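Peer 1: So for the sequence shown, numbering that gives the first Met the number 0 puts the first residue at 0; every next one is plus one.
All residues carry an ideal CB built from backbone N, CA and C; glycine is no exception.
Computed from a predicted model, the values in this text were never measured in an experiment.
My questions all concern the structure below.
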Amino acid sequence: MLRRFIREQRLRCLAVAVVVAVMWALVAALVLGLLAFLGQPEYAALKDRLVESLLALFFFALFFLVAFSDAVLVWSALFRTRSAVFHASLPVTDSSIFWASYLEGGFWASWAVLALAVPLVLALATQAVHPLGYALGSTLAMLAFVACCMSTGSVLALAMARLLPVLRRHARLVLAIGAAALAGLAWLVLATYAGDAAGRVIGDVVGRLRFAENPFLPPAWAQQAMIASLSGRWRDAAYFIALLATCAGALAVAAEWIAGRRFRADLDALAGRLETRDRTASRPWRLLPLIPTDLSLLVAKDLRLFLRDPAQLMQFSMFFGMLAFYMLMLPRLGHAFREHDWWRPAVSLLNLTAVAMALATFTGRFVYPMLSLEGRRLWILALAPWPRERVVTAKLAFALLVGMPVSVGLVAMSGILLELSTAIISYQVLVIASMAVGLSACALGLGARLADYAEDNPAKLVAGYGGTVNLLASLVYTGLLILGAAVPLIAHQSRLSWLVGIVWTLGISAAWTTVAMRVAWSWFGRLDGTRHS
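Here you go:
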């Protein structure tokens, strides 16, 4: 047993090291390539200003990403899991429970961000006046920024716990207001587009990214601390780092004060079940159209569980909402991607990669643990009038029903906003649809082969050895299909390149999906670890 544990931990550490090394290399290469591109004579005058704008946009997106991730994790640790009720029964103070959740949620929400910041800091050190001083200042700025994100997320988690009982009573009204707000935001973003001369490309980009430099928000403070460290203005750097740290401390103390007064009341409210007159009678499940009856019932069950979990809904909305916001910002860049014809397909390929990464995150976070979480219900499934293979197929149908429409819509929106040809948009839609099928099948195959039916915490399943292997496999599959998507663009969209790209995409997707689903069908439900045919 000990030998097996050591072997698996070695493999897991090696897998994590490979992922981090590849990520560092890609981020460092991207930053260094961008700096080299901006170092050209025609862009040299605006290089420093554009670097400031891009850093502001980076911290702006990172702030909301980490804050919402932390809010979901802290809310789950305080109110969602079974350990939350157990902790509430212990002779410890509410403040102690809050700080434990604060640190745990902050670690899981921010460790990847800190890993992502290392290559960024190292790459920008090539532009620093004093590299060693810059390294120290930028490191302190990143730590203070992450602490500010953690504190903001904790406040959001406590606010969410207070509002969820109210949202349950007025769910339809809240959905209508949210949809109207999103539609209004999209209209405002698209309405601000106005074409400018191509010769003002960089200036146009800088002007339209000013929204990310709001001086009253922490992302702007982190950006100013980084820029001050780059230029050797240590007093300014210390001021903004102290501002970030002070804000983080104030928000954390406020969150502790709220938790000390509302934790147990909110826990009781969330643990209770809302009973209203119109919900006392049970309602029949609505079968999904165009799906066999048995699959429709299983998919409807998974869909209900997904929609009832606020943490899953927030994470799903965060994954794809940030991408939708970014793509809606493309018209604000004016002619930045219209000066050369090769820019638009290149940017669309990068957008396709970003959507694929979000889709891989979705399948790894939501689809991979699904079969393991059925462990406590296997005896019920064994009595059901269908084979276990149908349960796996239903999981695949659920993953495609949730993930494919959003990813396909984002890729199509990217192509339309970049004014690509119908052929390129259709081909990229085919690629992302193939990715949705292959990534979902891969998550199910590895989820069945490396299942842990004794674990009921999806976060631990995702963070375990099997989740790491699934992440690596998803990266390999995504890389293969992105390579096929790049063939027509590299070959100047010749007929042969289109044929090669389509055959490559469909062939890889079909082979990958077939193998993964066969593994899932063979291994699901084997509590003794033996395969069945």
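#1: Compare the Cα-Cα distances from L72 to each of L289, W511, L31, L312 and report the closest residue.
#2: Does the distance from the CB of P118 to the CB of A27 come in under 7 Å?
#3: Looking only at its chain, what residues have a beta carbon closer than 6 Å to the beta carbon of V17, apart from the 5 residues adjacent to it on each side?
#4: D69: buried (16+ other C-beta within 10 angstroms of its C-beta) or exposed?
#5: Report the rounded CA-to-CA distance for Q492 versus L471, giving the unit in angstroms.
#6: For P368 and T151, I'd like the C-alpha separation in whole angstroms.
#7: Taking F58 as the reference, give the member of F106, P214, A20 with the closest Cα.
#8: Give me, in chain order, the residues of the same chain whose beta-carbon lies closer than 7 Å to that of W23; leave out the 5 immediate sequence neighbours on both sides.
#9: If you drop the 5 nearest sequence neighbours on each side, which residues of the same chain put their C-beta closer than 8 Å to that of E274?
#10: Can you tell me which of the three DSSP states T279 falls into?
#11: Could you give the distance in angstroms between the alpha-carbon of R315 and the alpha-carbon of L34?
#12: Name the residue from I379, E388, G444 whose alpha carbon lies nearest to the alpha carbon of V366.
#13: Whose CA, out of A396, T245, L438, lies closest to the CA of F357?
#14: Can you name, in chain order, every residue of its own chain whose Cβ lies under 6 Å from the Cβ of A244, other than the five neighbours on each side?
#15: Indicate whether W74 and M149 have their beta-carbon atoms separated by less than 7 Å.
#16: Throw me the rounded Cβ distance for the A484 and L351 pair, which I believe falls under 8 Å.
#17: Going by Cα to Cα distance, which pick from C147, A124, T360 is closest to S137?
#18: As a quick exercise: from L348, E388, F319, P384, pick the residue whose alpha carbon is nearest that of F361.
#19: Under 8 Å, with one C-beta from each stretch per pair, do the stretch 247 to 264 and the stretch 43 to 63 reach the 3-pair mark?
#20: Among C147, V50, L64, L163, which residue has its Cα nearest to the Cα of A127?
#21: Do you know how far the Cα of Y452 is from the Cα of L372?
#22: Considering only the beta carbon of each residue, do A108 and V65 sit closer than 7 Å?
#23: What number of angstroms, rounded off, separates the C-alpha of Y238 from the C-alpha of L229?
#24: On the criterion of 16 or more Cβ atoms from any shown chain inside 10 Å, does E418 qualify as buried, or is it exposed?
#25: Which stretch, first to last residue, makes up the alpha helix (DSSP H) that contains R389?
#26: State the DSSP-derived secondary structure class of L216, mapped to helix, strand or coil.
#27: Measure the Cβ-Cβ separation of F523 and R387 and say whether it is below 7 Å.
#28: Could you check what DSSP says for T362 in three-state terms: helix, strand or coil?
#29: Pick helix, strand or coil for H129, following the three-state DSSP scheme.
#30: So which of T292, F67, N469, V410 has the shortest CA-CA distance to L449?
#31: With a threshold of 6 Å on Cβ separation, who are the neighbours of A236 within its own chain once the five nearest residues in sequence on each side are excluded?
#32: Could you tell me whether the Cβ atoms of L297 and A440 are closer together than 7 Å?
#33: Leaving out five residues before and five after R261 in sequence, what residues of the same chain have Cβ atoms less than 8 Å from its Cβ?
#34: Alpha carbon to alpha carbon, how far is A447 from A258? Give it in angstroms, no decimals.
Peer 2: Looking at the atomic coordinates:
#1: L312
#2: yes
#3: none
#4: buried
#5: 31 Å
#6: 28 Å
#7: P214
#8: V117, P118
#9: Legend: pLDDT at E274 = 48, less than 50; position of this residue unreliable, value from coordinates given subsequently. So the list is empty, once near-sequence residues are dropped.
#10: Its pLDDT being 45, under 50, T279 is placed unreliably by the model, and nothing is read from it.
#11: Per the sequence shown, the amino acid found at residue 315 is Phe instead of Arg. Approximately 33 Å, taken between the alpha carbons.
#12: G444
#13: Before going on, a small fix: residue 357 reads as Ala here, not Phe. Ranking A396, T245, L438 by Cα distance to A357 puts L438 first.
#14: A143
#15: no
#16: 6 Å
#17: A124
#18: F319
#19: no
#20: V50
#21: 7 Å
#22: yes
#23: 15 Å
#24: exposed
#25: 387 to 416
#26: coil
#27: yes
#28: helix
#29: coil
#30: N469
#31: G136, A224, A227, S228
#32: no
#33: L157, A160, R161
#34: 39 Å
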